[in-house]
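A short worksheet on the structure shown next.
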Amino acid sequence: MQDLFSGAIMRWSGTNLVGATNSQRKTYRRYLDHVELPLLSGPCGATSAHRLEKMVQSPRRSFGPDFLSVFEFTGASDLPQLPADPTQPWNDACEAMWSMTWRKISDTGPARRRPDRVRLLALSPPADASDGEIAEWNRFYTDVHVHEAMQRRRWTRATRWVLDHADLHPSPGCPRYFVLYEAVGFQDATDEEVAAWGPWTEGPPIWKRHVGAWTLDYRVVKP
537 MQDLFSGAIM RWSGTNLVGA TNSQRKTYRR YLDHVELPLL SGPCGATSAH
587 RLEKMVQSPR RSFGPDFLSV FEFTGASDLP QLPADPTQPW NDACEAMWSM
637 TWRKISDTGP ARRRPDRVRL LALSPPADAS DGEIAEWNRF YTDVHVHEAM
687 QRRRWTRATR WVLDHADLHP SPGCPRYFVL YEAVGFQDAT DEEVAAWGPW
737 TEGPPIWKRH VGAWTLDYRV VKP
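Be aware that the sequence shown starts at 537, since it is given in the numbering used here, and climbs by one per residue.
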């Protein structure tokens, strides 16, 4: 099994096809699977590459690209740019939306099974938080909240990431932190099942001021 989301560094390339036909989408998927991912992984590129497609969005201020290519590295990333091919039939519809690099800061353990889907949930401390408050915020997030969320939502694994740099992200800018929850199967816990666990741990005062950016569900397509 290829370990997903196990690298120290992760690069994202997110795109949309605006007004594309089914034929254009099919051709674009073939390009991603058989051209982009193979060319940008291996000895000269990423140690692991995989592709996600957006499933549904939470109504809470969510947005995100339909297609998300993920490239993982053990150290500093140096992903080359593929030259544009003006002959591709999907060119007129293709819109670049995300280009970000993340550094892993924690995980709940090694990958046991390949996930079928993932949830990307971006939360950050408020902009006026001190270094001490940010450290307290991170400790609570990693040591308490992530484990509660896994238990209630039946996630199989979680990894937390901090932004290294963002080359492309819509206004008002890329969040500083996000957590990636993995799941096997497509049956999510209902809101009633989550609530049956009782109140969430409140956390320190700085936690209660967290700022949300996006909550996105993606299906793992490749590998």
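All C-beta atoms, glycine included, are put in the ideal place defined by N, C-alpha and C.
What do you reckon, are the CB atoms on residue i and residue j nearer than 8 Å?
i	j	result
His586	Val571	no
Gln560	Pro601	no
Asp700	Arg639	yes
Pro711	Ala685	no
Pro531	Met633	For residue 531 there is no data in the structure shown, the boundaries of the chain being 537 and 759.
Leu573	Phe603	no
Leu656	Phe714	yes
Val554	Ala658	no
On a Cα-Cα basis, can you pick out the residue from the options that is closest to residue i?
i	options	result
Ser666	Tyr567, Ile742, Met546	Ile742
Met546	Arg696, Ala725, Gly709	Arg696
Glu728	Val715, Arg688, Val720, Gly709	Arg688
Pro646	Ser549, Thr563, Phe722, Glu718	Glu718
Thr737	Pro622, Thr678, Arg565	Thr678
Val698	Pro759, Val654, Met636	Met636
Thr623	Arg675, Thr563, Val680	Thr563
Val720	Val747, Pro735, Ala702, Asp753	Asp753
Pro735	Asn627, His681, Asn558	His681
Ala556	Ala725, Asn674, Asn627	Asn627
Apart from the five residues on each side of it in sequence, which residues of its chain come closer than 7 Å, Cβ to Cβ, to residue i?
i	result
Glu672	Pro740, Ile742
Phe676	Gly739, Pro740, Trp743
Excluding the 5 residues preceding and the 5 following residue i in the sequence, name in chain order all residues of the same chain whose CB lies nearer than 8 Å to its CB.
i	result
Arg648	Thr692, Arg693
Arg745	Pro661, Pro662, Ala665
Thr583	Gly543, Ser577, Glu608, Phe609, Thr610
Val730	Arg688, Arg689
By Cβ distance below 6 Å, which residues in the same chain neighbour residue i in space, the five residues on each side in sequence not counted?
i	result
Met537	Bear in mind that a pLDDT of 43 at Met537, under 50, signals an unreliable position, so the number given afterwards is only what the model happens to contain. Taken in chain order, the residues that qualify are Arg650.
Val757	Arg587, Glu589
Glu496	What is shown of the chain runs 537 to 759, which leaves residue 496 out entirely.
Ala702	Met636, Cys710
Arg755	Glu589, Met591, Arg653
Ile641	Arg696, Val698
Assign residue i to one of two classes, buried (16 or more other C-beta atoms within 10 Å of its C-beta) or exposed (fewer than that).
i	result
Glu631	exposed
Gly709	exposed
Phe541	buried
Trp733	exposed
Thr551	buried
Taking residue i and residue j to be in contact with their CB atoms under 8 Å, please state how far apart those CB atoms are, rounded to whole angstroms.
i	j	result
Phe722	Asp643	That pair is no contact at about 23 Å.
Leu704	Val654	With a Cβ gap of about 21 Å, Leu704 and Val654 do not count as contacting.
Under 7 Å: does the beta carbon of residue i sit that close to some heavy atom of the ligand ZN?
i	result
Arg755	Questions concerning the ligand ZN fall outside what the structure shown contains, since it holds no ligand whatsoever.
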